[in-house]
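K.L.:
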Amino acid sequence: MAAPSPASTIWTTARRRSRTPARAGCHVVGFGFGFDPAGNLTALTPAGNTTPEIGLGYDTLGRLTGFKDGRSGTLIDGYSVDATGNRLSAKVGTATQIYSYPADSHRLSAVAGVARTYDATGNTTAIGGTARQYTYDTTGRMTQARRAGAVTMNYRYNGKGEQIRRFLGTTNTYTLFDEAGHWLGDYDSNGAPKQQAIWLDDLPVGLLANANKLHYIEPDHLGSPRVVIDPTRDVAVWTWSLKGEAFGNTAPNQDPDGDGAALVLDMRFPGQRFDATSGLNQNGNREYEASTGRYSKSDPIGLRGGIGTYRYAFNNPLMWIDPDGLQATMISQGPGMTGPVGVYNPYGPNNPNDASTQLPQGGSINLPQIPEITGDSLLESLYKMSPLSAINQLEQAISNSINNCDDDRCDREWREARRVCRQLIFEQLQQAAGRRKKEA
Numbered sequence: 001m002a003a004p005s006p007a008s009t010i011w012t013t014a015r016r017r018s019r020t021p022a023r024a025g026c027h028v029v030g031f032g033f034g035f036d037p038a039g040n041l042t043a044l045t046p047a048g049n050t051t052p053e054i055g056l057g058y059d060t061l062g063r064l065t066g067f068k069d070g071r072s073g074t075l076i077d078g079y080s081v082d083a084t085g086n087r088l089s090a091k092v093g094t095a096t097q098i099y100s101y102p103a104d105s106h107r108l109s110a111v112a113g114v115a116r117t118y119d120a121t122g123n124t125t126a127i128g129g130t131a132r133q134y135t136y137d138t139t140g141r142m143t144q145a146r147r148a149g150a151v152t153m154n155y156r157y158n159g160k161g162e163q164i165r166r167f168l169g170t171t172n173t174y175t176l177f178d179e180a181g182h183w184l185g186d187y188d189s190n191g192a193p194k195q196q197a198i199w200l201d202d203l204p205v206g207l208l209a210n211a212n213k214l215h216y217i218e219p220d221h222l223g224s225p226r227v228v229i230d231p232t233r234d235v236a237v238w239t240w241s242l243k244g245e246a247f248g249n250t251a252p253n254q255d256p257d258g259d260g261a262a263l264v265l266d267m268r269f270p271g272q273r274f275d276a277t278s279g280l281n282q283n284g285n286r287e288y289e290a291s292t293g294r295y296s297k298s299d300p301i302g303l304r305g306g307i308g309t310y311r312y313a314f315n316n317p318l319m320w321i322d323p324d325g326l327q328a329t330m331i332s333q334g335p336g337m338t339g340p341v342g343v344y345n346p347y348g349p350n351n352p353n354d355a356s357t358q359l360p361q362g363g364s365i366n367l368p369q370i371p372e373i374t375g376d377s378l379l380e381s382l383y384k385m386s387p388l389s390a391i392n393q394l395e396q397a398i399s400n401s402i403n404n405c406d407d408d409r410c411d412r413e414w415r416e417a418r419r420v421c422r423q424l425i426f427e428q429l430q431q432a433a434g435r436r437k438k439e440a
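Start counting the sequence shown at 1; every next residue gets the next number (the UniProt record's numbering).
1) Output the distance between the C-alpha atoms of residue 134 and residue 56, rounded to the nearest integer angstrom.
2) Let me confirm a value: residue 189 is counted as buried when at least 16 other C-beta atoms fall within 10 Å, else exposed. Which label applies?
3) Going by the CB atoms, is the gap between residue 283 and residue 290 shorter than 8 angstroms?
4) Go ahead and pull the three-state DSSP assignment for residue 253.
5) Would you identify the three-state DSSP class for residue 425, choosing helix, strand or coil?
6) Taking contact to mean at least 3 C-beta pairs separated by less than 8 angstroms, is the segment 258-276 in contact with the segment 92-105?
7) Closer than 7 angstroms by C-beta to residue 219: which residues in its own chain qualify, once you throw out the five before and the five after it? Chain order, please.
8) Please report the straight-line C-alpha distance between residue 89 and residue 177, rounded to a whole angstrom.
9) Please state if the CB of residue 87 and the CB of residue 293 are separated by a distance shorter than 8 angstroms.
10) What is the DSSP secondary structure of residue 218, counted as helix, strand or coil?
11) Nearest by alpha-carbon distance to residue 317: which of 79, 70, 303 is it?
12) Quick one: what's got a C-beta closer than 6 angstroms to residue 235's C-beta in the same chain, skipping five residues either side?
13) At the level of alpha carbons, what is the spacing between residue 222 and residue 408?
14) Could you tell me if residue 107 is buried or exposed, where buried requires 16 or more neighbouring beta carbons within 10 angstroms of its beta carbon?
15) Sort out for me which residues DSSP pairs residue 237 with in a bridge.
16) Once the 5 residues before and after residue 217 are set aside, which same chain residues still bring their CB inside 7 angstroms of it?
17) Is it buried or exposed for residue 200, if we count other Cβ within 10 angstroms and need 16 for buried?
18) Can you give me the Cβ contacts of residue 255 inside the same chain, cut-off strictly under 6 angstroms, excluding the 5 residues immediately before and after it?
19) Nearest to residue 171 by alpha carbon, out of 194, 54, 122, 299?
20) Reducing DSSP to helix, strand and coil, say where residue 273 ends up.
21) By DSSP, does residue 315 sit in helix, in strand, or in coil?
22) Go ahead and label residue 166 buried or exposed: buried means 16 or more other beta carbons lie within 10 angstroms of its beta carbon, across all protein chains shown.
23) Just to confirm the assignment, what range does the beta strand (DSSP E) spanning residue 142 have?
24) Please report the straight-line C-alpha distance between residue 75 and residue 315, rounded to a whole angstrom.
25) Which of helix, strand or coil does DSSP assign to residue 412?
26) Could you tell me which residues DSSP pairs with residue 127 in its beta bridges?
27) For the beta strand (DSSP E) holding residue 104, just list the boundary residues, first then last.
28) Tell me the rounded alpha-carbon separation between residue 164 and residue 39.
29) Quick check: what's the CA-CA separation for residue 297 versus residue 159?
30) Short check: CB of residue 43 to CB of residue 34, under 8 angstroms?
31) Give the single residue among 119, 238, 97, 139 whose Cα lies nearest to the Cα of residue 110.
32) So residue 295 and residue 271 are supposed to be a Cβ contact under 8 angstroms. How far apart are they, rounded?
33) Please work out which residues of its chain come closer than 7 angstroms, Cβ to Cβ, to residue 112, disregarding the five sequence neighbours upstream and downstream, and give them in chain order.
34) What do you get for residue 124, buried or exposed, if any count of 16 or more other CB atoms within 10 angstroms of its CB means buried?
35) Within a Cβ cutoff of 6 angstroms, which residues of the same chain sit near residue 240, ignoring the five residues on either side of it in sequence?
36) Considering only the alpha carbon of each residue, which of 186, 303, 259, 246 lies closest to residue 265?
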């Protein structure tokens with residue numbers, strides 16, 4: 001049995017990372033990273049090559065707008081978004097899709113003319129009429145999926161909100177998670193394993209599947225599986241290409257060796273598992289729709305998870321992850337971290353390797369009181385006038401303060417966060433007004 005070789009990680013100036021996971025005789029996932037001065041990931045280069053295979057482009061707010069062939073520069077996929085992060089259009093291959101929204105909501109009403117409906121709390125209940133329908137319990141968890149009016153799957157959850165049972169008729173699949181929320185395995189009604197995962201911290205590194213046979217998993221920089229190796233034959237038996245659609249809307253190759261034996265692995269971005277019956281990725285507290293790059297329901301923690309409550313990973317899916325479906329987390333650019341190649345919250349109060357020198361640790365910002373300013377238009381103006389990195393830092397700082405406190409303190413922190421936001425908006429508007437006055 002061939003053993004995996006250790007991955008190599010090279011740290012360049014400005015704490016940028018070049019990582020090359022490799023296996024003896026099977027260099028399948030090997031790549032280096034390129035970054036722009038703002039820290040956006042702009043290139044993925046295969047090991048041993050000087051020309052990037054993938055190029056990435058961003059708007060002025062750091063949202064992904066272009067996924068390109070690194071050699072030719074040809075646009076593969078392109079995206080446009082509004083000020084708050086709602087996708088307006090997507091060019092995938094040769095097709096361009098237009099996204100529509102009501103004037104008073106961020107709920108996606110149609111994609112390429114296919115309508116969507118929601119319940120009162122913002123959960124997606126139907127896509128294309130009866131083509132796809134979803135039912136939820138009183139806590140907002142999806143309990144049933146239907147296609148063309150027929151039930152395709154039922155779902156149940158434990159006290160932590162983890163989806164632990166899927167069933168249709170008498171066929172059951174039970175799922176186990178570890179204390180950190182990692183998927184450990186699927187089991188039938190008799191407790192016999194269907195598939196089981198092996199983890200190294202937050203990295204999936206092994207899979208027991210197809211008669212409990214051991215396979216090696218090779219994850220990418222996010223912690224998403226990209227290659228599964230049969231160690232006996234030392235060949236790839238499952239691949240999920242990094243050159244696929246950036247938001248995950250590319251199906252994996254379940255038989256890359258062409259032997260006629262398919263390996264099914266439903267793991268996708270960290271914390272996600274694809275569910276063929278619903279067409280969505282189960283992502284902890286929510287379901288993620290890779291085809292639109294959005295969640296199917298609003299963030300359960302509201303604005304504490306960010307201003308755009310449906311968006312995924314700040315529209316930057318190759319730099320941010322959201323394992324719980326609550327709050328996006330940035331991939332670190334510094335060594336010494338745990339998790340998927342050093343996943344961490346860069347603005348946490350206890351983070352010793354914060355790459356930012358601009359924000360106070362823990363998000364403590366002391367500003368004078370100002371008159372109250374309200375209005376969604378002001379928030380939109382702030383997005384238009386500020387770099388996304390600053391907004392993301394603010395959102396992370398606010399979220400960290402709120403998510404790590406009791407109810408009374410949470411209320412105080414939220415009031416303070418609102419005050420800080422109003423102050424920042426006021427300052428931005430004053431600066432913009434000053435610039436316009438000078439230009440006049």
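Positions of the beta carbon are idealized from the N, C-alpha and C atoms, including for glycine.
P.N.:
Working from what's here:
1) 34 angstroms
2) exposed
3) no
4) strand
5) helix
6) no
7) 203, 204, 225, 226, 340
8) 37 angstroms
9) yes
10) strand
11) 79
12) 257
13) 35 angstroms
14) buried
15) Note: residue 237 sits in no beta bridge, so no partner.
16) 204, 205, 206, 207, 225, 228
17) exposed
18) 262
19) 194
20) strand
21) helix
22) buried
23) 142-147
24) 18 angstroms
25) helix
26) 116, 132
27) It is not in any beta strand (DSSP E) - residue 104 carries neither H nor E in the DSSP assignment.
28) 38 angstroms
29) 20 angstroms
30) yes
31) 97
32) Their Cβ separation, rounded to whole angstroms, is 12 angstroms, which puts residue 295 and residue 271 out of contact at 8 angstroms.
33) 97, 98
34) buried
35) 226, 252
36) 186
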